[in-house]
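Chemist: Residue numbers (my numbering): 434 to 680.
Just so it is clear, CB atoms sit at the ideal spot from N, CA and C, and this is done for glycine as well.
These numbers were taken from a predicted model, which means no experiment stands behind them.
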Amino acid sequence: MSLRATARIVADADGGLPVLRGDGPLALRRTRTTGAYTRVTVVGAMSAPLGGDRLAIETEVRDGARLLVDSAAATVALPGRGAESATYDLRMGVGDGAVLRWLPEQLVSARGSDLRMHTAVELAATARLVLREEQILGRHGEETGTLTTRLTVHRAGRPLLDQELAYGPGAAGGWDGGAVLDGHRATGQLLVVDPAFEEKPVEPRPLADNAVLAPLAGPAALVTAVAPDALQLRRILDEALGILAPS
Numbered sequence: 434m435s436l437r438a439t440a441r442i443v444a445d446a447d448g449g450l451p452v453l454r455g456d457g458p459l460a461l462r463r464t465r466t467t468g469a470y471t472r473v474t475v476v477g478a479m480s481a482p483l484g485g486d487r488l489a490i491e492t493e494v495r496d497g498a499r500l501l502v503d504s505a506a507a508t509v510a511l512p513g514r515g516a517e518s519a520t521y522d523l524r525m526g527v528g529d530g531a532v533l534r535w536l537p538e539q540l541v542s543a544r545g546s547d548l549r550m551h552t553a554v555e556l557a558a559t560a561r562l563v564l565r566e567e568q569i570l571g572r573h574g575e576e577t578g579t580l581t582t583r584l585t586v587h588r589a590g591r592p593l594l595d596q597e598l599a600y601g602p603g604a605a606g607g608w609d610g611g612a613v614l615d616g617h618r619a620t621g622q623l624l625v626v627d628p629a630f631e632e633k634p635v636e637p638r639p640l641a642d643n644a645v646l647a648p649l650a651g652p653a654a655l656v657t658a659v660a661p662d663a664l665q666l667r668r669i670l671d672e673a674l675g676i677l678a679p680s
């Protein structure tokens, strides 16, 4: 039987969490942090998403709030009993002067799975965003499942980024070719939106043999990387995080 679950986070400027509601396999916990952020950790309460599941997390960071969201473990997309794909939607709103650091663990696409993931972000003009996505195509020694991810970001009501990627048996041909993954099984990106980039734009440059930092048409920078495994991918993106948004 497939699941329908929506978790919700609302963060206030005073550090409060007026809404922190988990649902189904999406358990949310307020966790300790030594910095200036309110921290919420997503804890998987059961194996999910499976084929046919419909999961979502809705996050509202109110004006002036500072929120860090991470996860306790990787999310593993698994096959279900039927042929229906699973969906995992992340919907985020970040208010004026607010900051959201969205830094979960990796998403693993297990063999036979079919997951469609959409991350949609609405930013106020003075909001800041740090968002990391990491996809691991197949567990150790196995082929990948089918994975489609879309990231859409609007700032002050205008589109900043709209990107869709697809991997695995259900994707268009060439996803594993030299122009895309070139045989790598770990891929990811780090998006940083910061009004400070308007006065001091980010300069494009390579960060590693298979990673590049590029400015976007707006006060934002995008790092895209591929790597042989999850460990090397995280090292690249951690380096980029230290350059673009160290705190």
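What separation, rounded to the nearest whole angstrom, lies between the Cα atoms of residue 547 and residue 565?
Modeler: Counting from 1 along the sequence shown, the entry for residue 547 is found at position 114. Counting from 1 along the sequence shown, the entry for residue 565 is found at position 132. Going from the Cα of residue 547 to the Cα of residue 565 covers about 21 Å.
Chemist: When DSSP builds the beta bridges, which residues end up paired with residue 551?
Modeler: For the purposes of this step, residue 551 is identified with residue 118 of the sequence shown, where counting begins at 1. DSSP, once it has assigned bridges, lists 522 and 583 as partnering residue 551.
Chemist: Rounded to the nearest angstrom, what separates residue 621 and residue 666 at their Cα positions?
Modeler: The count along the sequence shown starts at 1 and reaches residue 621 at position 188. The count along the sequence shown starts at 1 and reaches residue 666 at position 233. If I take the Cα positions, the gap works out to 7 Å.
Chemist: By the three-class DSSP mapping on this structure, what secondary structure does residue 668 have?
Modeler: Position 235 of the sequence shown, counted from the start, is the residue given in the question as residue 668. Three-state result, residue 668: helix.
Chemist: Name, in chain order, the residues that DSSP records as bridge partners for residue 457.
Modeler: Walking along the sequence shown from the start, residue 457 turns up at place 24. None, per the DSSP bridge assignment.
Chemist: Suppose contacts are defined by Cβ-Cβ distances below 8 Å. Is residue 603 in contact with residue 582 by that definition?
Modeler: Taking the first residue of the sequence shown as position 1, residue 603 is located at position 170. Taking the first residue of the sequence shown as position 1, residue 582 is located at position 149. No, the Cβ-Cβ distance between residue 603 and residue 582 is not below 8 Å.
Chemist: Pull up the distance between the alpha-carbon of residue 588 and that of residue 524, whole angstroms please.
Modeler: Position 155 of the sequence shown, counted from the start, is the residue given in the question as residue 588. Position 91 of the sequence shown, counted from the start, is the residue given in the question as residue 524. Rounded to the nearest angstrom, the two C-alpha atoms are 14 Å apart.
Chemist: Touch check for the region 480-495 and the region 448-465: three-plus C-beta pairs under 8 Å?
Modeler: These segments touch.
Chemist: Taking 6 Å as the limit between beta carbons, can you name the residues of its chain near residue 526, skipping five residues before and five after?
Modeler: By one-based count along the sequence shown, residue 526 stands at place 93. Contacts found: 493 and 555.
Chemist: I need the straight-line Cα distance from residue 647 to residue 561, nearest angstrom please.
Modeler: Position 214 of the sequence shown holds residue 647. Position 128 of the sequence shown holds residue 561. In a straight line, the C-alpha of residue 647 is about 17 Å away from that of residue 561.
Chemist: Check this for me: beta carbons of residue 519 and residue 484, under 8 Å apart or not?
Modeler: Taking the sequence shown and counting its residues from 1, one reaches residue 519 at position 86. Taking the sequence shown and counting its residues from 1, one reaches residue 484 at position 51. Cβ atoms of residue 519 and residue 484: closer than 8 Å.
Chemist: Should the region 599-617 be regarded as contacting the region 652-665, the criterion being three or more beta carbon pairs within less than 8 Å?
Modeler: The answer is yes - the region 652-665 touches the region 599-617, with three or more Cβ pairs under 8 Å.
Chemist: Who does residue 622 pair with in a DSSP beta bridge?
Modeler: Here residue 622 corresponds to residue number 189 of the sequence shown, with the count starting at 1. DSSP, once it has assigned bridges, lists 566 and 657 as partnering residue 622.
Chemist: Is it right to say residue 513 is buried, meaning 16 or more other beta carbons lie within 10 angstroms of its own, or is it exposed?
Modeler: Here residue 513 corresponds to residue number 80 of the sequence shown, with the count starting at 1. Answer is buried; the Cβ neighbour count reaches 16.
Chemist: Going by C-alpha to C-alpha distance, which of 650, 638 and 550 sits closest to residue 628?
Modeler: Against the sequence shown, residue 628 aligns to sequence position 195. Ranking 650, 638 and 550 by Cα distance to residue 628 puts 650 first.
Chemist: Candidates 500, 445 and 462: which alpha carbon is nearest residue 469's?
Modeler: Your numbering for residue 469 matches position 36 in the sequence shown. The option with the nearest alpha carbon to residue 469 is 500.
Chemist: Nearest by alpha-carbon distance to residue 440: which of 454, 504, 655 and 517 is it?
Modeler: Here residue 440 corresponds to residue number 7 of the sequence shown, with the count starting at 1. Closest by alpha carbon: 454.
Chemist: Please list the terminal residues of the continuous beta strand (DSSP E) segment that includes residue 492.
Modeler: Taking the sequence shown and counting its residues from 1, one reaches residue 492 at position 59. Counting along the chain, the beta strand (DSSP E) containing residue 492 begins and ends at 487-494.
Chemist: What number of angstroms, rounded off, separates the C-alpha of residue 496 from the C-alpha of residue 531?
Modeler: The sequence position of residue 496 within the sequence shown is 63, counting from 1. The sequence position of residue 531 within the sequence shown is 98, counting from 1. Between residue 496 and residue 531, the C-alpha separation is close to 5 Å.
Chemist: Return the Cβ separation of residue 557 and residue 529 in integer angstroms, given the expectation that the two are a contact with Cβ distance under 8 Å.
Modeler: Start at 1 with the first residue of the sequence shown, and residue 557 comes out as number 124. Start at 1 with the first residue of the sequence shown, and residue 529 comes out as number 96. Correct: roughly 4 Å between the Cβ atoms.
Chemist: CB residue 594 to CB residue 568, shorter than 8 Å?
Modeler: Residue 594 sits at position 161 when you count from the first residue of the sequence shown. Residue 568 sits at position 135 when you count from the first residue of the sequence shown. No; because the gap between Cβ atoms is not below 8 Å, this pair is not in contact.
Chemist: Assuming contact is defined by CB atoms lying nearer than 8 Å, are residue 652 and residue 613 in contact in what I supplied?
Modeler: Within the sequence shown, residue 652 is the residue found at index 219, counting from 1. Within the sequence shown, residue 613 is the residue found at index 180, counting from 1. No.
Chemist: What is the DSSP secondary structure of residue 634, counted as helix, strand or coil?
Modeler: Position 201 of the sequence shown, counting from 1, holds the residue named residue 634. Residue state, collapsed to three classes: coil.
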